[in-house]
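Novice:
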Amino acid sequence: MIELLHGDFFDLYKDLPKGQVIITDPPFNAGKSFDNDNLTDDKWVEFCNNFSDCLKELHPVNVLCEISKKDVEMQKALDRNFTRKWIVVLNYTNSMRNGGVGYSNTGIVLYYGGKVFKRYKDRIDSACYNTIKEFSHPSPKQIIHYQKLCEMFCNKDLTIIDPFMGSGTTGIGAVNNCQNFIGIEKDDKYFEIAKNRIEKAQQDVAPKV
Ligand SMILES: C[S@@+](CC[C@H](N)C(=O)[O-])C[C@H]1O[C@@H](n2cnc3c(N)ncnc32)[C@H](O)[C@@H]1O
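Counting from 3, one number per residue, gives the positions in the sequence shown under our numbering.
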C-alpha cells in the first residue's frame, strides 16, 4: 500500500494510522527554500515541539528522524516524548570532506523505538550522487540510506510514514523493499516530483510479464 498525501502534516496527522513507523527528514531550519526552514529561533522551537507532540499522538512503534549536526532543538523536543535508543550515521563515502575517521560529512538519524526488525547497523554507507539532472529539490537524500533504514526499522506488516517526504526518497526505499508507505508533502512542486519518482519506482519493481 502506497499513499501520497498532498498537504500539511499538522493538518493531516490526526487521520494517519496509529502504531506505525515514522521515518523522516524534516526541515532543519537551515534556510533552504521550503516551508519551515527559515523560522525565527522561537518559531523553530515551537515547530519542533509541535512535531514531537503530533508524533506522540500517533503512538509509533519506531521513530527515526534525521537532524542537522548543529541542531539540538529537534533532539530536545523528541527526547521529551520518546526514549532515545541510538543514533544511525548516514555516511557519504565519496564526500570531499571525509576526515581521518572516514565519515565527517554525514547524516545523523536519531532512533527512538521498540524494535529493530533486521540486523542492526549504526552506520550506513552510500556514495552521494547529484540528482539535479533528474529533478530539483533543495535537500534530496540518498535512496540506499533510506532504503536500509526502512528495512531495518519496519517490518512488512507495518506502514512507514514520512510526514515531510520532499522528493520522495523514503517512499522509493519503501517501494524497493515492498513495504507499505504513507508520505506527506506540502509544496506543490515537490509533491509532484515525489509522486513521479515513487510511481517510477513502483513500475521498476513490478514483475515484468
Ligand atoms: C528536508 S526536506 C525532505 C527531503 C527528502 N528526505 C528527500 O530526500 O527529498 C523537508 C520537506 O518537508 C516539506 N515540509 C515542510 N513543512 C511541511 C509541513 N508542515 N507538512 C508537510 N511537508 C512539509 C518541505 O517542503 C520539504 O520538501
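Backbone N, C-alpha and C fix where the C-beta goes; we use that ideal spot for every residue, glycine too.
Are three or more beta carbon pairs between the region 109-127 and the region 84-95 nearer than 8 Å?
Specialist: yes
Novice: For D39, which of helix, strand or coil comes out of DSSP?
Specialist: Three-state DSSP puts D39 in coil, outside helix and strand.
Novice: Three or more C-beta pairs under 8 Å: does that hold for the region 171-187 against the region 40-56?
Specialist: no
Novice: In the DSSP assignment, what residue or residues form a beta bridge with F183?
Specialist: I4 and I162
Novice: Closest to Y122 by CA distance: which of D55, L151 and T133 is it?
Specialist: Minimum Cα distance to Y122 is reached at L151.
Novice: Identify every residue that forms a DSSP beta bridge with T172.
Specialist: DSSP, once it has assigned bridges, lists no residue as partnering T172.
Novice: Just confirm the distance between the C-beta atoms of I134 and K71, as a whole number of angstroms; I'd bet it's less than 8 Å.
Specialist: Actually they are not in contact, since the Cβ atoms of I134 and K71 sit about 23 Å apart, beyond 8 Å.
Novice: Any idea if G102 is buried or exposed, counting beta-carbon neighbours within 10 angstroms, 16 or more meaning buried?
Specialist: Low local confidence applies: a pLDDT of 47 at G102 is under 50, so the model's placement there is unreliable, and no value is given.
Novice: Does the Cβ of H139 lie closer than 7 Å to at least one heavy atom of ligand 1?
Specialist: yes
Novice: Name the two residues that bound the continuous beta strand (DSSP E) containing L66.
Specialist: N64 to I69
Novice: Where does F128 fall in DSSP's three states?
Specialist: What sits at residue 128 in the sequence shown is Ser, not Phe. Three-state DSSP puts S128 in a strand.
Novice: Roughly how many angstroms separate the alpha carbons of K210 and F155, rounded to a whole number?
Specialist: 29 Å
Novice: Looking at C-beta atoms only, is the number of pairs between the region 79-89 and the region 53-63 that lie closer than 8 Å three or more?
Specialist: yes
Novice: Please check the pair T161 and F183, which I expect to be a contact at CB under 8 Å, by giving their CB distance rounded to whole angstroms.
Specialist: Correct: roughly 7 Å between the Cβ atoms.
Novice: Is N38 near ligand 1, judged by its Cβ being under 7 Å from some heavy atom?
Specialist: yes
Novice: Mark T26 as exposed unless 16 or more other C-beta atoms lie within 10 angstroms of its C-beta, in which case mark it buried.
Specialist: Counting other Cβ atoms within 10 Å of its Cβ, T26 reaches 16 or more and is therefore classed as buried.
Novice: In the DSSP output, what is K94 paired with across the bridge?
Specialist: Per the sequence presented here, residue 94 reads as Tyr, with Lys not at that position. In DSSP, Y94 forms a bridge with S128.
Novice: Which residues mark the beginning and the end of the beta strand (DSSP E) in which I134 is found?
Specialist: DSSP places I134 in no beta strand (DSSP E); its state is neither H nor E.
Novice: For I69 and L41, which I take to be in contact (beta-carbon distance under 8 Å), what is that distance rounded to the nearest angstrom?
Specialist: Between I69 and L41 a beta carbon distance of about 15 Å is seen, past the 8 Å cut, so the two are scored as non-contacting.
Novice: Quick one: measure Cβ to Cβ for N31 and D39, integer angstroms, because I've assumed they're closer than 8 Å.
Specialist: 6 Å
Novice: For M154, is the beta carbon positioned less than 7 Å from some heavy atom of ligand 1?
Specialist: No, the Cβ of M154 stays beyond 7 Å of every heavy atom of ligand 1.
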